[in-house]
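Q:
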Amino acid sequence: MTPQPVAARERGATVIPDRVVAGIAARAGREALAAQPHRPARPAPPTPDASAHVHGRSTRIRLAVELPYPIDLATAARELQRQVTQRVGHLTGLEVTEVALAIRHLLPEGSGGRDGRVY
1 MTPQPVAARE RGATVIPDRV VAGIAARAGR EALAAQPHRP ARPAPPTPDA SAHVHGRSTR
61 IRLAVELPYP IDLATAAREL QRQVTQRVGH LTGLEVTEVA LAIRHLLPEG SGGRDGRVY
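With the UniProt record's numbering as the guide, the letters of the sequence shown map in order to residues 1 to 119.
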């Protein structure tokens with residue numbers, strides 16, 4: 001006997017936990033930071049701290065990042081938000097309604113990383 005198809009509303013739903021979306025967002029943020037064309041040559045940026053809040057089929061994301069200095073902050077922020085929105089949406093199927101950025105530190109050119117932080 002062939003089973004009868006089940007209506008979509010009766011099949012249930014896939015739930016993606018906040019922490020999973022946050023992990024995907026952190027990785028997407030790191031990929032986006034490493035790929036920025038205006039980024040000075042230096043070691044790969046640290047993975048951003050991320051949090052996410054999933055509600056139904058949408059999510060809000062918060063990233064805390066370190067950026068190289070000097071850099072066009074507005075352009076870098078817009079590109080980071082665009083890439084994270086696109087990547088998280090593609091990988092999760094969720095609508096990303098917001099990517100809020102917090103810039104933790106600016107890393108001066110030639111600092112090589114965390115030892116040369118500017119607060």
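Even glycine gets a Cβ: it sits at the ideal position worked out from N, Cα and C.
Based on DSSP bridge pairs, tell me the residues matched to I61.
A: I61 pairs with A52, V99.
Q: R62 to R30, Cα distance in whole Å?
A: If I take the Cα positions, the gap works out to 13 Å.
Q: With respect to the alpha helix (DSSP H) encompassing G29, which residues constitute its N-terminal and C-terminal limits?
A: Counting along the chain, the alpha helix (DSSP H) containing G29 begins and ends at 18-34.
Q: For T92, which residues from the same chain have a beta carbon less than 7 Å from its beta carbon, with the 5 sequence-adjacent residues on both sides left out?
A: Taken in chain order, the residues that qualify are I16, V21, I24.
Q: With 16 as the cutoff for other CB atoms within 10 Å, does L33 come out buried or exposed?
A: So L33 counts as buried.
Q: Leaving out five residues on either side along the sequence, give the residues of the same chain with a beta carbon under 6 Å from the beta carbon of D49.
A: Contacts found: A64.
Q: Output the distance between the C-alpha atoms of Q83 and G56, rounded to the nearest integer angstrom.
A: Whole-angstrom Cα-Cα distance: 22 Å.
Q: Under DSSP, the alpha helix (DSSP H) around L91 begins and ends at which residues?
A: First-last of the alpha helix (DSSP H) with L91: 73-92.
Q: Thinking residue 137 and A35 are a contact (beta carbons under 8 Å), I'd like their distance in whole angstroms, please.
A: No statement about residue 137 is possible, as the shown extent of the chain runs from 1 to 119 and does not include it.
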